[in-house]
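Chains as they are written, first to last, in my numbering: chain A, 353 to 628; chain B, 112 to 558. The C-beta atom is built at its ideal place from N, Cα and C for all residues, glycine as well. Fair warning: this is a prediction, and the values are worked out from it, not measured in the lab.
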């Protein structure tokens, strides 16, 4: 019973949400006495009183349509949803990978040296809360390439949680284990790789999980700003057309992909978890 | 069997085997001879579409006579030269051009689906861009080879206003007129601009005709645009959403944004920009001077393609076809009926009337130097440009009027004889020869 209670409750909540949504989207009365020639030039919202908010069924129809042909390519500004997601994922993984290459070794250094930790801390605290959109103009101006700028922005926003968590995990390794390693005369490299890394791994992975979430948040904002390709551009392009059904579909897909990324790193984290 | 064979060989048939280079297919003839043969073949095949009758004709009269007879009917020599001229020595045939999804950019956009770039030997990708600042940055970074810009932008960039200083040029204006002041429906009884104190308006960019025209209009009504109202920069695609959200009371925006606000029942068209200044420029086709110098032939072909497309766009009978070509997701991403209203000038005004104004939007490529001078006076008027400026010199270096005239004439379009002209903006005459006097005549200004 308890095993199924939570999923059951989730489904009930979803049904309730969709039901309320469906009911609350009202079409108003059609405009009366409108000149037919004039009406022909106007949209359904103005003539038939159609609501600007789509119903769940409208969104579902868009989703089916998008998933049926996800890889079409009708030119540089109109590509299938699969291609757009692939572009976004590619940028996120590249930026995130670069952040990992920098954050993990640097975090190790900071964690192992309290002096470095204290010296770098103010910089980290100032740089950590900066929004990706604030970095973008600077990146565009200096890097002079919009694609690389987007990747840089992902890098700069996703590097901090990993850095902080790695440093925290490394500095939190139990004294006893380090003392044991010392009494056994383990070399510094071996001590880092065989004692500290496994001990800090769960904390490092927690940092990565936070980072990938941030990276995925950032890419949508960055792509809405620079345009071209990606799921963020897709949402922007539909905003341009005021097509809320498409925007909601985009939002849904962003959420699902974000969850998948998070699940993947969670699975990786459990594989390195340990119990005392 | 070579791909391009002797057209006057009566035994020749089409498509025997593979024509690729690997199979020795590509003609052994090179350069001019090869081009002559291609043209001859095309003409001969056009004269005798049926292969059998063509062979019979060639057998009967002989190759030399056939060539002479065809030359009588068709100027073979000059056709050969023209065919060679088009794609000759293009330094960079594959280009990227950035655009903002508005009808001002119609010639730049439609030249892709309607084949104007291809006609001039170019393979162009037109890339949709999210806002003017991004267009500027991508253009300055050379991610774009050329761009759709607001006509004050190349002037601002050339002067180093709001960006690094780079020399940019306007080989052709895109559109004239085609803008409007759109107000939220709730203001439909507030048509007198004198009552607009405290309202918030959207403009697409600081360096835009929209900014200058709205400021001009407000100032004529006695309002100081810097202290009596709020002007917010909003990229055109986001204007309707902001109007609906009651974030702004109105905007002076490009089409199809004005028409889209009407279409969705959010706003109404208060006044068309042509009623402020009939024939005002709006957007331009722009490229850096560096690009033009490094790729002269490509630049020429590109300018020709744009002027060609602009000439086509100006004809009223082509407007519906253009609306259908640029409305899809890949370009404007708007309902075709909205784009059509903006381009044909038969439109709903948002107040229940169908207005017929065929001059709502126009497309005239000629980059009058006087436009540049007027823009400079407004830049000074609103404090964007400080100190002395050589109006005529800056305008001349950005607006490539002389070159445009040459290309327009070559393409069979009527081009004006002079590079400058006088015009009237809201009842006040402007003479490009006396910009300082014009500037001094405004009571409201922030010089």
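Which same chain residues end up closer than 7 Å to residue i when comparing Cβ atoms and leaving out the 5 residues on each side of it in sequence?
i: residue 421 of chain A; result: 432
i: residue 396 of chain A; result: 402
i: residue 135 of chain B; result: Caution is warranted here: a pLDDT of 44 is assigned to residue 135 of chain B, below 50, making its placement in the model unreliable, and the coordinate value is therefore given only provisionally. Excluding positions up to five away in sequence, the list is empty.
i: residue 427 of chain B; result: 469
i: residue 275 of chain B; result: 251
i: residue 313 of chain B; result: 343, 345, 350, 353, 359, 362, 364
i: residue 574 of chain B; result: Residue numbering for chain B in the displayed model covers 112 to 558; residue 574 of chain B lies beyond these limits and cannot be assessed.
i: residue 508 of chain A; result: 487
Ordered along the chain, which non-local residues of its own chain (more than five positions away) have a Cβ less than 8 Å from that of residue i?
i: residue 472 of chain A; result: 462
i: residue 196 of chain B; result: Reliability of the predicted coordinates at residue 196 of chain B is poor, the pLDDT of 48 falling under 50, and no value is obtained from them.
i: residue 359 of chain A; result: none
i: residue 231 of chain B; result: 197, 412, 413, 415, 416, 419
i: residue 429 of chain B; result: 423
i: residue 302 of chain B; result: 381
Please classify residue i: does DSSP put it in a helix, a strand, or coil?
i: residue 523 of chain A; result: helix
i: residue 414 of chain B; result: helix
i: residue 287 of chain B; result: strand
i: residue 280 of chain B; result: strand
i: residue 583 of chain A; result: helix
i: residue 297 of chain B; result: helix
i: residue 234 of chain B; result: strand
i: residue 537 of chain B; result: coil
i: residue 257 of chain B; result: strand
i: residue 605 of chain A; result: helix
i: residue 207 of chain B; result: strand
i: residue 379 of chain B; result: strand
i: residue 132 of chain B; result: Summary for residue 132 of chain B: the model assigns pLDDT 45, below 50, so the residue's position carries little reliability; its value from the coordinates is reported in the next sentence. Looking at residue 132 of chain B - three-state DSSP - the assignment turns out to be helix.
i: residue 457 of chain B; result: strand
i: residue 415 of chain A; result: helix
i: residue 598 of chain A; result: helix
i: residue 437 of chain B; result: helix
i: residue 393 of chain B; result: coil
i: residue 558 of chain B; result: coil
i: residue 627 of chain A; result: coil
i: residue 426 of chain B; result: coil
Within the 7 Å Cβ cut-off, does residue i reach chain A?
i: residue 465 of chain B; result: yes
i: residue 190 of chain B; result: Any reading at residue 190 of chain B must be qualified, since the residue scores a pLDDT of 47, below 50, and its modelled position is unreliable; the value itself is stated next. False, the Cβ-Cβ gap to chain A never drops below 7 Å.
i: residue 236 of chain B; result: yes
i: residue 369 of chain B; result: no
i: residue 313 of chain B; result: no
i: residue 468 of chain B; result: no
i: residue 452 of chain B; result: yes
Go through its chain and collect everything with a Cβ distance to residue i's Cβ below 6 Å, but skip five positions before and after it.
i: residue 542 of chain B; result: 533
i: residue 562 of chain A; result: 513
i: residue 510 of chain A; result: 448, 451, 563, 566, 567
i: residue 193 of chain B; result: Confidence in residue 193 of chain B is poor, its pLDDT being 43 and thus under 50, which makes the residue's placement unreliable; the coordinate value appears in the next sentence. Closer than 6 Å at Cβ, skipping near neighbours: no residue.
i: residue 481 of chain B; result: 531, 532, 543
From the beta carbon of residue i, is the nearest beta carbon of chain B less than 7 Å away?
i: residue 568 of chain A; result: no
i: residue 414 of chain A; result: no
i: residue 388 of chain A; result: no
i: residue 431 of chain A; result: no
i: residue 627 of chain A; result: no
i: residue 402 of chain A; result: no
i: residue 492 of chain A; result: yes
i: residue 394 of chain A; result: yes
i: residue 496 of chain A; result: yes
i: residue 579 of chain A; result: yes
Chain B partners of residue i, CB-CB under 9 Å?
i: residue 576 of chain A; result: 241
i: residue 398 of chain A; result: 373, 374, 375, 376, 377, 459, 461
I want to verify the contact list: residues of chain A whose CB lies under 9 Å from the CB of residue i, in sequence order.
i: residue 82 of chain B; result: Nothing about residue 82 of chain B can be reported from this structure: the residues present for chain B run from 112 to 558 only.
For residue i, return the contacting residues in chain B, with the cut-off set at a CB-CB distance below 7 Å.
i: residue 424 of chain A; result: Chain B residues near residue 424 of chain A: none, gap ~10 Å exceeds 7 Å.
List, in order along the chain, the chain A residues whose C-beta lies closer than 7 Å to that of residue i?
i: residue 495 of chain B; result: Neighbours of residue 495 of chain B on chain A: none; closest Cβ ~19 Å, over 7 Å.
i: residue 448 of chain B; result: 393
Any heavy atom of the ligand ADP within a distance shorter than 6 Å of the CB on residue i?
i: residue 557 of chain A; result: With respect to the ligand ADP, the structure shown offers nothing to examine, as it has no ligands at all.
Chain A contacts from the stretch 245-257 of chain B (Cβ-Cβ distance under 9 Å): 245, 248, 249, 251, 252, 253, 254
Of the residues that make up the stretch 327-356 of chain B, which ones have a beta carbon closer than 8 Å to any beta carbon in chain A? 348, 349, 351, 352, 355
Closer than 7 Å between beta carbons: that is the criterion. Which residues of the stretch 277-290 of chain B meet it against chain A? none
Looking at chain A, which residues of the stretch 420-443 of chain B have a Cβ within less than 9 Å of any of its Cβ atoms? 439, 440, 441, 442, 443
If you measure beta-carbon to beta-carbon, which residues of the stretch 199-232 of chain B are closer than 7 Å to chain A? 212
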